[in-house]
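Position 496 of the sequence shown, counted from 1, bears residue number 650 in my numbering, the numbering being contiguous throughout.
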Amino acid sequence: MAAVQSEAQLETALIKRLVSLGWDQIEIKDSSTLERNLKAQLEAHNGTAFSSDEFRRVLNHLEKGSVFEKAKTLRDRMTLQRDDGTTSYVQFFNASEWCRNRYQVTSQVTQEGSYKTRYDVTLLVNGLPLIQIELKRRGLELREAFNQINRYHRHSFWSGNALFQYVQIFVISNGVNTKYYANNRHQDFKQTFFWAEGDNEPITRLEAFTDAFLEKCFVSKMIAKYVVLHESDKVLMVLRPYQYYAVEKILDRVMKGRKNGYIWHTTGSGKTLTSFKASQVIVENPKVAKVVFVVDRADLDYQTTKEFNYFSPGSVDGTDDTKALVDQLTDPDTKLVVTTIQKLNTAITRERHEADMAAIKDERVVFVFDECHRSQFGDTHKNIVAYFSKAQLFGFTGTPILVENAIGKRTTSDLFEDCLHKYVITDAIRDENVLRFSVEYWGKLRKKDGSLMRDEEVAGIDRREFFESEKRIDGVVDWVIENHDRKTHNRQFSAIMCTGSVDALTKAYEAFRRKQAEGKHDLNVATIFTFAANEEDEDANGLIGEPDVTGGPVSETTQHSRDKLASYVADYNAMFGTNNSVDNGRAFYVYYKGLAKRMKQRDRKDFVPKQGIDILLVVNMFLTGFDAKTCNTIYVDKNLRYHGLIQAFSRTNRTLGQKKSQGNIVCFRNLKEKVDEAIALFSNKEARDTILMEPYQAYVDQFNEAAVELMKIAATPGMVDKLASEEETLAFVRAFRKLIRIRNTLTSFTEYSDDDLALNPQRFEDFKSKYLDIHDRVKSNQDDSEHKASIIDEVDFELELIRRDNINVAYILALLASIADGGDDEDARQEAASKKKAVLDMLSSEARLRSKRQLIEEFVASYLPHLSDGEGTKEAFWKYWSRKHSEAFENICEEEDLDPERFADLIESYQFSDKEPLTDELMTVLKTPPSILQRRKVANRIISRMVEYIETFEENMGDLEAA
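As structure tokens, this is what we get:
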């Protein structure tokens, strides 16, 4: 039997492959060797020589800034003051002629940071480490290499002159699977990508990936053209393979002529980034006078607007003001114009702009449409082609208008000619770029023979009267209230609910409002709809219309709808302390944008649950173009079909960590045939099993099979402590992690019951405690500089799958208070003992409470026996916690020699921004700054203690006043 290829053998084979591709192998042992090599490489690249002082100035220039700022430094030239008083320019990377750089490969570079670390394979361009490759032996999970790189971020990339912060692209591989991603330390493993062929066939093996992606000219091109510096978030992004091929196809078409084309990339695959990058690259073609990147203001969220306006201030907003647009279109120095479709239409159809626009009418102008499945693109297309004699149009869409779903309209091919590249939903699910859908059907109508009745057939029994009856809508709302927390993991996620008309929406909203007043729920429900008399699907074609984001015209027939919405906006204002209105089109748009921003607030780390929308109630608005990663459920009480159905469903399937395992679709209409029809149209007939989740019982069976495998490793929780080797412990961790992944999926099904599972809840919690014990041991070992590396160190325990946000200190305190209120009889004492055990068990099994475990156990042991009532318990706990809080703060300040006031300010800043302080910031907090060599080490130790302090005393506390 052949031996498994070791990590060292994998490394040797990779370096040999890279050398054959033209990379020069060099031995670099440490930071000083890296610097000497950098000097030689920059001298050769720039055709000059640096004195020691000159190179020190170069190093000082390179050392400044964050990873994002260093990415800018890489692409800029440095103005160097020479020793003789002259000035010269130093180029670090040739981005315009990307093959004209110098290429080296090295391995096992040692960096001394918080710990001594060695990196596997480093690719140097002009002496700077721009690509870092982390390898794991075959059979190990790829995620372990990803976690290893995250440790390097924390422990050593910043050390020396921080040259490893110039890495642009990371590559991780175990030989069989190979992925790449941009240098952004806060991203999730799901933001790592396989490279692929032009037909989206993944290239997974390291040898093939090396040939395709790490060829020196190609990887330089990726860094030069396809690593994106995202200004608003200050992070690096890199294009995925299908995005790269789409841009290249468009560039090829522009180079070869004036034919149009469109890109079919499924909803949620990052079309806006692709289309904007295409626009930026087309600009480099000297034959093109101007590139106009066109977005729909209905699709603009706060973040996208911010990003575009970084590029061109004021280019995109919700107005029709076209002065700035006309100025940019007629300015020969402005090659790339970003605008909204509304402004573009105004500019080319109003007579007052005709004289100004005359100069550009007959120039070669390329238009790139961010979303081209919209119905109004037909009119815009006519206007552009009629106005610009040499217009070339490119469109992006996730759901093109094909012959089958045109319903009397022109197809996407009619408007844009050929489809240049496809990346359909089955491709995206395979690559884990979007999630599958879990579709449930409730409230189905049946004929007398028992067969299901389609919505179209309901017309014969007065379709509208049935679907909009208050009794039926009341039942739908009751179902949502009862099941919403299950679907959204106790509101860690949000939901959209869509209805068939404004009348149905108002009945649903008022049912939610009435039931809230009756104390039946505490959900934050908001709504928006246009005033149009028929914002509904009267012809039942199921194709989502184009909502007017100004609310539409107000007339005698629409006044009632506007008044209704005004009262709902007043509820919104009372709920969130805002001052919105729908008095005019501008006010409506401001409210619309505010809703979008609030729906996306859950995506942020500083999200406050009471400030979020739990359910957004709509007719058509927000069903296309709107993206919130933390929206995981849509309740559908309307007819949907073709692109309308896929667009609406796709609001839920953006990837986000492990807990979001699927997009939940709850249908209160008989849409099964329409779902199958849409899937067949936008992927293929066999794709149903790829796109839709399996039924509930399939996951029950998977869980029970996984439980059997777990108990083969450890028959009882107690047996986990007796596992003899690291290999056995690792097997347990992986087996239990598989179990929690399946359970996470199971618990979102409406029919979920603990009784269906082979592990009862208590046994599951006991195993979970052991799992968390192993995690804590690994974490403790990683913080020990003397600790020998372990095969368990890099395992991702995926704690997000077993955290419960409602279990916090306030919850524990309420339980402790109930123990004290128990009374003196034997039954009460037994119940108190049972509750105390439950509290102690919970401290072991709840990941979020383990940092507080020792403190709470001390309170239970030393203080609780002397307390006789609940209020006294709360007061005593509060005093105890405050004292421990102060003592911990004072201990850190005393032991680290910190200025208490400045340290408190630093903690407050970190809690607000969620950004670790820079070393220079920390030095101002120290009373006695350390030596230069010790600065980084001391800074990292203080940051670690600060984060631990915040986790213990500030996070996951809950509302202690209400406990």
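The beta carbon of each residue, even a glycine, is placed where N, CA and C say it ideally should be.
Remember, it's a predicted structure, so these values are computed and weren't measured experimentally.
query: With Gly766 and Arg752 assumed to form a contact (beta carbons below 8 angstroms), what rounded beta-carbon distance in angstroms separates them?
result: 7 angstroms
- prompt: Are the Cβ atoms of Val381 and Leu390 separated by less than 7 angstroms?
  reply: yes
message: If distances are taken between C-alpha atoms only, which option among Ser902, Val259, Thr227, Val173 comes closest to Tyr850?
response: Ser902
field: Proximity below 7 angstroms, CB of Trp418 to CB of Cys652
entry: no
Where Phe742 sits in the DSSP three-state scheme: helix
message: Looking at the strands, I want to know which residues DSSP matches up with Glu1102.
response: According to DSSP, Glu1102 bridges with nothing at all.
query: Taking the beta strand (DSSP E) that Asn818 falls in, what are its first and last residues?
result: 817-821
message: Using the three-state DSSP reduction, which class does Gly201 fall into: helix, strand or coil?
response: coil
message: Only counting the same chain, and skipping five residues up and downstream in sequence, which positions put a Cβ closer than 6 angstroms to that of Ile800?
response: Thr553, Ala832, Phe836
query: Would a C-beta distance cut-off of 7 angstroms place Ile326 and Leu296 closer than the cut-off?
result: yes
field: Under the three-state DSSP convention, the category Arg645 falls into
entry: coil
field: Host beta strand (DSSP E) of Ile769 (start-end)
entry: 769-772
- prompt: Can you list, in chain order, the stretches of the beta strand (DSSP E) that have 3 or more residues and sit fully within the segment 813-880?
  reply: 817-821
- prompt: Roughly how many angstroms lie between the CA atoms of Arg716 and Lys828, to the nearest whole one?
  reply: 33 angstroms
- prompt: In whole angstroms, what is the alpha-carbon distance linking Leu175 and Phe300?
  reply: 25 angstroms
message: Here's a check: name, in chain order, each residue in its chain whose Cβ is nearer than 7 angstroms to the Cβ of Lys489, leaving out the five neighbours to either side.
response: Val437, Lys444, Val445
query: When we look at the beta-carbon of Asn559 and count the other beta-carbons within 10 Å, is it buried (16 or more) or exposed?
result: buried
field: Whole-angstrom C-beta distance between Tyr796 and Phe570, which should lie under 8 angstroms
entry: Going by Cβ atoms, the distance from Phe570 to Tyr796 rounds to 18 angstroms, so no, they are not a contact pair.
query: Which of the three DSSP states, helix, strand or coil, is assigned to Lys792?
result: coil
- prompt: Skipping 5 residues on each side, what residues in its chain have a beta carbon closer than 7 angstroms to that of Asn818?
  reply: Ser592, Lys641, Asn786, Thr787, Thr806, Ser902
- prompt: Is it buried or exposed for Tyr925, if we count other Cβ within 10 angstroms and need 16 for buried?
  reply: buried
field: Helix, strand or coil at Lys170 [DSSP, three-state]
entry: helix
- prompt: Can the beta-carbon of Leu589 be found less than 7 angstroms from the beta-carbon of Gln856?
  reply: no
query: Would Ala545 pass as a contact of Val519 if the rule is Cβ separation under 7 angstroms?
result: yes
task: Starting from Arg518, follow the alpha helix (DSSP H) in both directions and report where the run begins and ends.
output: That residue, Arg518, is in no alpha helix (DSSP H); its beta strand (DSSP E) goes 518-523.
message: Do Leu749 and Ile845 count as a contact pair if the criterion is CB distance below 7 angstroms?
response: no
field: Cβ contact check for the segment 507-517 and the segment 473-487: 3 or more pairs under 8 angstroms
entry: yes
query: Roughly how many angstroms lie between the CA atoms of Ser310 and Gln235, to the nearest whole one?
result: 31 angstroms
- prompt: Using the C-alpha atoms, what's the distance from Ile287 back to Tyr334?
  reply: 9 angstroms
- prompt: Looking at Trp252 and Ala400, is the spacing between their C-beta atoms short of 7 angstroms?
  reply: no
- request: Below 6 angstroms CB to CB, which residues in the same chain sit around Thr660 once its five sequence neighbours on both sides are set aside?
  value: Lys718
- prompt: Could you check where the beta strand (DSSP E) with Thr904 kicks off and where it finishes?
  reply: Note, Thr904: premise wrong, no beta strand (DSSP E); not H, not E.
message: According to DSSP, simplified to helix, strand and coil, what is Leu574?
response: strand
message: To the nearest angstrom, how far is the alpha carbon of Val263 from that of Leu289?
response: 14 angstroms
message: Going by DSSP in three states, Val1027 sits in which element: helix, strand or coil?
response: Per the sequence shown, the amino acid found at residue 1027 is Thr instead of Val. In this structure, Thr1027 counts as helix in the three-state DSSP scheme.
- request: Give, in chain order, every unbroken run of the beta strand (DSSP E) that is at least 3 residues long and sits entirely within the segment 213-288.
  value: 231-235, 241-245, 257-266, 270-279
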